[in-house]
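What follows is a short report on a single structure.
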Amino acid sequence: MARHHGAECMTMPTSVLLIRHGDYVHRPSPAGEAASDHGLSPWGLLQAKALHDRLAITPALRADLLVCSTLPRARQTAEAIAPAWGIDVRPMPALCEWESGNEALGAEAFAAQFHALPAPERRHHRFHPGCETVAEFAHRVCTALAELTTRHAGQGLAIVAHGGVIEVAFQHFLGFGPGLFEGGYPAADQASLTLWRHDQGRHDAWVQVFANDTDHLRHADGSDHLA
1 MARHHGAECM
11 TMPTSVLLIR
21 HGDYVHRPSP
31 AGEAASDHGL
41 SPWGLLQAKA
51 LHDRLAITPA
61 LRADLLVCST
71 LPRARQTAEA
81 IAPAWGIDVR
91 PMPALCEWES
101 GNEALGAEAF
111 AAQFHALPAP
121 ERRHHRFHPG
131 CETVAEFAHR
141 VCTALAELTT
151 RHAGQGLAIV
161 AHGGVIEVAF
171 QHFLGFGPGL
181 FEGGYPAADQ
191 ASLTLWRHDQ
201 GRHDAWVQVF
211 ANDTDHLRHA
221 DGSDHLA
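The letter at position 192 of the sequence shown is residue 192 when you use this note's numbering, and the numbering goes up by one with no holes.
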């Protein structure tokens, strides 16, 4: 995408709008499968509608490309907001949440194992056979972000994904490298918006414009309820 002014052509900065999926129905499966994600809940559907309505009236948040995780909660959120921009949804498996093994182990057992490890050791620990380490997950997401921003330089990208993906995106754009934040982590509430824009000027770097914006949810259910 380029903006023309007379004989000059100014390339627009690449932007990445990160959107976390809405609230969803979670029923752990006995086998610990991804089927535990049963799509958006009634509140999640209201969140997605509020997202759509905000994006439809906010030209500054216009997207040229909409990609999403293949998990039901992300796909349904993306499909709900796509009409605001009149574009199709492109599912990408690389944008799925961390396959940590927590579903197979159970939330309590996973949390106990996770917190028993020193933070640096968590990066390469495989919590369950066949699942990803933190480092592998971060590499997957960072590779996808690098490919998307390179292939679609000068465009507005919208990505509907998960809290873990948004956390890795902070590491990617700030240049921290793979791994979990050890002293804290960036908030990413359900149906939140986080915007990154590439500064092509003197710094040639990614700039966080805003993060974890959920103002559109203030009256999503007719009250002041916030996700």
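Glycine included, every Cβ here is placed at the ideal spot set by N, Cα and C.
Closest in alpha carbon position to residue 65, among 51, 89, 77 and 56, is 89. DSSP places residue 91 in the uninterrupted beta strand (DSSP E) bounded by 89-91.
Residue 110 carries a helical assignment under DSSP once its states are collapsed to helix, strand and coil. Annotation: the continuous beta strand (DSSP E) that includes residue 65 extends over 65-68.
For residue 53, the uninterrupted alpha helix (DSSP H) segment begins and ends at 42-56. The DSSP-derived three-state label of residue 137 is helix.
Contact between the stretch 208-216 and the stretch 183-195 is established, with three or more Cβ pairs separated by less than 8 Å. Here DSSP, grouped into helix, strand and coil, assigns residue 211 to strand. Shortest Cα-Cα distance from residue 119 to any of 128, 135 and 131 involves 135.
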